[in-house]
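Keeping their order, the protein sequence lines are chains A and B.
Just so you know, this note's numbering puts the end of the first sequence at 690, numbered straight through with nothing missing.
Just so you know, this note's numbering puts the end of the second sequence at 2274, numbered straight through with nothing missing.
Even for Gly, the Cβ is constructed at its ideal location relative to N, Cα and C.
Okay, structure first, notes after.
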Amino acid sequence: MTINILTGMVTVLPWWSFVIPVLLSGMALPFLRWNVSSFPAGFLSGFIVWVVANASFDLAYNGMLAKIGLLLSVQKIVVLLAAGLIGGLLNGLALYTGKSILTATTTNSEII
Amino acid sequence: MNKLKVGALFPLMALVVLIYALSITMFGIPPLGKLLNPFIGAVQNGNDKALLTSFVVVDKQELSAKVNVFYDERKVPHIYAGNTSDLYFAQGYVTAGLRLWEMDFMTYAAAGRLSEIFANGDFLDYDRNQRRIGVLEAAGRTLALIEKDTQTIHALTAYTRGVNAYIATLDYKQMPLEYKLLDYKPEPWTNLKSVLILKSMANSMTGYGEDVFQSKMMLALGEERFNALFPDFNEHITPVMDTLKTDLKSIAFHVKKPAYLDYSFFTSNSILQKDAYNPRLGSNSWAVSGKKTKSGLPMLANDPHLNLSFPSIWFELQLSAPGMNVYGVSIPGTPAIIIGFNEKIAWGITNGADDVKDWYKLKISNDYKQYAFDGKWLNLKYRIEEIKRKGQSSFYDTIYSTIHGPIVMNKSYPGQLPDLADNSLKWEMHNPSNEFLTFIKLNSAGNYKEYKEAIQHYACPLQNFTFACKDNTIAINHQGNMAVKWPGEGKFILDGTTSADLYTKYIPQDSLPQLLNPACGFVLSANQHPTYGNYPYYYDGHYAEARANRIGQLLSAKDSLDIPAMEAIQCDNTSSFVTEALPLLISKVYTAGISAEQQHTLSLLSAWKGNYDADDEHAQLYELWWKNITDYTWDELRRYKFFVRPPDDYVLLDLILKEPDSHYFDKLATEKKENATDIITSAFIAACNEYKKQNKVKWADYHKVNIVHLAKLPAFSKTGIATAGHPDAINAVSENWGPSWRMIVQLGDRPQAYGIYPGGQSGNPGSVYYDNFVDDWNKGHYYPLHFFMSEQEAKAYINTLAHEKEHH
């Protein structure tokens, strides 16, 4: 179910609903005692997923990213990086927000 | 509750803002959060898998039974339904599946609703113009008429339901790419949208006009010279109805200057903008009886010339239901097949090119509430059109109209032609008419009688219908609402204050130009004059002669035509104007006045046959030469600010031949009094010099065609395609228009047909089927069209295809 939400396969939900499970995971981090810096972890995983998924679909299907690049007057790699940036930002923020909900004021000096 | 920390608010808000920003269009960039999302965004539009199936069963609750659709190797759907309602439903469903964005977008453009899609007011003027020329209004009135015809309304409604059934299956992931890029969703289809598409075609076919230009030219030149330079007929025509031939001198069609026409008629002396409409949009079509074919079976050819776009205006398919089995091209958004053939007949259409659009100068009261008509003051009607705008409040436009039609340009909307301010527009396109019925009936017609019954409903645009039946009947009909006019009526701006200028009657259908089984064994049309000058009714239009002349020559000269011969004619690159003009021009050059090198060039050029082939090395030199001759001759006319175009090429040709000392050949800028020989010689010298500088050799190095995406997105267009052809050749390709469909049909027990169009069946820029036909089209290739005589045949063919794929 979570996988379906994460990959946009539950079509009635808006495009950003993958953020919800990530946020919830962020909230679970303190309980799991995973001492991981949430924002960089979230950013990195989001970045990788969006870039790799876009690139693989682009390769498997007829490549659209180059054409999108043409439309926006940029190279395909810029499109991929932009996708990664977006995915990373959203994921990182979501994970960080989730963790912050339970831990924000307890350790003010927590380094993010 | 106290576990939720305030410090989490910051990142939460940042997250919310970020999501919001990525969900909207900013600075013209589409919502990137959706577009670049790998699971639902643009990259998913590259998924062609849906198209790789060759057999689809359409099974929706609105259908009375399942409909089977077979897709052949070019993704042409062959639809088999149990009744016509299900058939049109499936046509809507299947067409939407491949071309939804195109048909939806065309209706926004036709209705003047582009401001709903494109923000920043880019299209407000365009939308206002569309509303004012009355396309949407005409569509509404036409729909009201159509609703009274049960056959048509059933077909339209079924089609509409089919489209909507397809739209219901879409979510963001599967939406056509253009919706994602332009950030909007498909709206429900309606019968009105289908009608809009039809009216939009009438708009582009009959929109071109020269009323202001010709009025000012008449005033500037006077009657004698105007009639000499801009005659309605010349001797170089091969008309649609070529009976009643007589020589020009016995015709009395001398157009008088209308009494009311004087300079006070015009409010401005401005430069006339180039018309947005293309007068060259036309087509070729001809039919040949078995007398002249190798097989003894009749053949028909048609290639409509339209603006070339991605997706193509045409969509190829076969429609089959009990009592009906037809193949051809349809226009996405409308049911039935527009050009094609069935088991017994084949038909084609070309634009009639008649002038059915006229302007009336009004006398309006100072308070802009009334206008003068036949000595009385009548009230101006008005309506308010709401133009919705993306991201802004709606714009409300007040559009006034008179008994003639709408006032398009006035103080609140100056438009492109200030001279037409406060003029009313009377346009056949405004009148309600049911052209759908013509095509619905043609699809299942089986003989000449049924063909005539079908075309009697056709009103606008006037078209030449070409017809062939397997019983060896061939026919051609210049069909539609052709008004009864007095000589010259419609060429100039008309007087809106009198009913004498307001035409109300139409030429009776039986008197329209037509031919049935002529002795010569062929009929042809290529936007040329429908008749010779002694036709009992006056008409004017924007006709082109060279192609019809050439088709006539080729068809007369050949017997035992076969399919390759027809293809060769359709792709013929020779201009019959050049074959007439070139020898004359060569003979007129004063060879002593040109250099030895130029003499050599001239002798090489004299061997040229007027063929604009891709690798031809003379065409461009000739083009430069003729352009110079035209420019030098008509320099007097070019002085006028209102100058739009020179007199017809044939007029100049006749002038060179018959009046080589005419004063027109005298260049105003020079002291010397030139004659035809001087002009032709100096034009040749200048052309040689220009040609040397241009440094390219082959015609296709100069001659390019562009196929442009409907929303003008360059990434999805193909521009600068090197191509053969010329507007005066049968293969009339140029700039961004050309043969949008080429079809050759041979009738018989089993029709044999070949066709191609420059595009692909899929409207998805991410599909391999988006533009896979273009190269073959450009090379003059044709695909065999698979016309299945039964569903079993279709099934068997698809199975062999699948088999071949496996064993590949």
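Could you pull out every residue in the same chain whose Cβ sits closer than 7 Å to the Cβ of residue i, ignoring the five residues on either side in sequence?
i: B:Ile1619; result: Ile1612, Glu1613
i: B:Ala1480; result: none
i: B:Leu2288; result: The shown model of chain B, from 1467 to 2274, leaves out residue 2288 of chain B, and the question about it has no answer.
i: B:Met2032; result: Met1765, Ala1767, Ile2210
i: B:Leu1643; result: Ala1508, Asn1511, Asn2230, Pro2231, Gly2232
Going by the CB atoms, is the gap between residue j and residue i shorter than 8 Å?
i: B:Tyr1969; j: B:Val1989; result: no
i: A:Gly604; j: A:Ser616; result: yes
i: B:Lys1856; j: B:Ser1581; result: yes
i: B:Gln2036; j: B:Arg2208; result: yes
i: B:Trp2165; j: B:Asp2079; result: yes
i: B:Asn1460; j: B:His1720; result: Since the first residue of chain B shown is 1467 and the last is 2274, residue 1460 of chain B is not available in this structure.
i: B:Ile1853; j: B:Leu1590; result: yes
i: B:Ile1940; j: B:Pro1764; result: yes
i: B:Ala2012; j: B:Phe2043; result: yes
i: B:Tyr2235; j: B:Lys1541; result: yes
i: B:Asp1538; j: B:His1544; result: yes
i: B:Leu1886; j: B:Gly1871; result: no
i: B:Leu1662; j: B:Ala1577; result: yes
i: B:His1944; j: B:Pro1996; result: yes
i: B:Ala2190; j: B:Asn2039; result: yes
i: B:Ile2173; j: B:Val2240; result: yes
i: B:Ser1660; j: B:Val1601; result: no
i: A:Leu649; j: B:Ala2181; result: yes
i: A:Ala661; j: B:Leu1772; result: no
i: B:Tyr1554; j: B:Gly1494; result: no
i: B:Asp1863; j: B:Arg2216; result: no
Return the Cβ separation of residue i and residue j in integer angstroms, given the expectation that the two are a contact with Cβ distance under 8 Å.
i: B:Leu1517; j: B:Ser2233; result: 6 Å
i: B:Leu1883; j: B:Val2110; result: With a Cβ gap of about 11 Å, B:Leu1883 and B:Val2110 do not count as contacting.
i: B:Val1535; j: B:Ala1556; result: 7 Å
i: B:Trp1825; j: B:Leu1960; result: 7 Å
i: B:Asp1708; j: B:Gly2007; result: Wrong, their Cβ atoms sit about 17 Å apart, outside the cutoff.
i: B:Gln1836; j: B:Leu1828; result: Rounded, the Cβ-Cβ distance is 10 Å, inconsistent with contact.
i: B:Ala2301; j: B:Phe1571; result: Past the edges of chain B, shown from 1467 to 2274, lies residue 2301 of chain B, and the structure says nothing about it.
i: B:Val1795; j: B:Phe1781; result: 6 Å
i: B:Gly2018; j: B:Ser1755; result: With a Cβ gap of about 15 Å, B:Gly2018 and B:Ser1755 do not count as contacting.
i: B:Ala1985; j: B:Ala1753; result: That belief does not hold up - the Cβ atoms of B:Ala1985 and B:Ala1753 are roughly 14 Å apart, past 8 Å.
i: B:Ile2151; j: B:Gln2064; result: 6 Å
i: B:Ile1532; j: B:Val1523; result: Going by the sequence as given, residue 1532 of chain B is Lys instead of Ile. Sure, about 5 Å apart at Cβ, within 8 Å.
Among the residues of its own chain, which have a CB less than 8 Å from the CB of residue i, if the five just before and after it don't count?
i: B:Thr2067; result: Leu2087, Cys2154
i: B:Leu1488; result: Pro1497, Leu1498, Gly1499, Lys1500
i: B:Cys1926; result: Ala1668, Thr1672, Val1822, Glu1894, Met1895, Asn1897, Ser1899, Glu1901, Gly1946, Asn1947
i: B:Ser2183; result: Phe1776, Asn2172, Ile2173, Val2174, His2175
Within its chain, find whatever has a CB closer than 6 Å to the CB of residue i; leave out the 5 residues flanking it on each side and keep chain order.
i: B:Ser2022; result: none
i: B:Ala2010; result: Asn1993
i: B:Leu1751; result: As written in the sequence, residue 1751 of chain B is Ser, which differs from the Leu given in the question. Contacts found: Asn1768, Gly1814, Thr1816, Thr1932, Ser1991.
i: B:Ser2041; result: Ala2012, Gly2076, His2192, Asp2194, Ala2195
i: A:Gln653; result: Gly647
i: A:Glu688; result: The predicted position of A:Glu688 is uncertain, since its pLDDT is 47 and thus under 50; no value can be drawn from it.
i: A:Val657; result: Leu643, Ile646, Gly647
Chain-ordered residues of the stretch 671–682 of chain A with a beta carbon less than 8 Å from chain B: Leu671, Ala672, Tyr674, Thr675, Ser678, Ile679, Leu680, Thr681, Ala682
I'd like the ranges of any alpha helix (DSSP H) spanning at least 4 consecutive residues and lying wholly in the stretch 2003–2050 of chain B. 2012–2023, 2029–2036
Closer than 7 Å, Cβ to any Cβ of chain A: which residues of the stretch 1514–1529 of chain B, in chain order? Sequence-ordered contacts of the stretch 1514–1529 of chain B with chain A read Asp1514 [C-beta pairs closer than 7 Å].
Please specify which runs of the alpha helix (DSSP H), each continuous and at least 4 residues long, are wholly inside the stretch 1598–1641 of chain B, giving them in chain order. 1601–1612, 1616–1633
May I ask you to list, following chain order, the residues of the stretch 1557–1570 of chain B that have a beta carbon less than 8 Å from some beta carbon of chain C? Included in the structure are the protein chains A and B, with no chain C among them.
What residues from the stretch 623–635 of chain A come within 9 Å of chain B, judged by C-beta to C-beta, listed N to C? Val627, Trp628, Val629, Val630, Ala631, Asn632, Ala633, Ser634, Phe635
Counting only runs that start and end within the stretch 631–656 of chain A, where is the alpha helix (DSSP H) found for 4 or more residues in a row? 643–649
At a Cβ cut of 8 Å, what residues of the stretch 1630–1645 of chain B count as close to chain A, listed as they run along the chain? Those residues of the stretch 1630–1645 of chain B that come within reach of chain A (Cβ to Cβ, closer than 8 Å) are Asp1637, Tyr1638, Lys1639, Leu1643.
Give the residues from the stretch 2220–2242 of chain B that approach chain A closer than 7 Å (Cβ to any Cβ), ordered along the chain. For the stretch 2220–2242 of chain B, the beta-carbon criterion of a distance under 7 Å to any beta-carbon of chain A is satisfied by Pro2231, Gly2232, Ser2233, Val2234.
Segments of 3+ residues assigned as beta strand (DSSP E) that fall wholly inside the stretch 1904–1957 of chain B: You should have 1929–1935, 1940–1945.
Any C-beta of chain A within less than 9 Å: which residues of the stretch 1499–1514 of chain B qualify? Gly1499, Lys1500, Leu1501, Leu1502, Asn1503, Pro1504, Phe1505, Ile1506, Gly1507, Ala1508, Val1509, Gln1510, Asn1511, Gly1512, Asn1513, Asp1514
Could you tell me which whole beta strand (DSSP E) segments of length 3 or greater appear in the stretch 1672–1731 of chain B? none
Determine which residues of the stretch 589–605 of chain A have a Cβ less than 9 Å from any Cβ of chain B, and write them out in chain order. Thr589, Val590, Pro592, Trp593, Trp594, Phe596, Val597, Leu601
Quick check for students: name the residue ranges of the alpha helix (DSSP H) that lie wholly in the stretch 2159–2188 of chain B, counting only runs of 4 or more. 2165–2168
Compile a chain-ordered list of the residues in the stretch 2118–2135 of chain B whose CB is closer than 8 Å to at least one CB of chain A. none
Taking the runs of the beta strand (DSSP E) that are 3 residues or longer, which of them lie wholly in the stretch 1845–1884 of chain B? 1847–1855, 1858–1867
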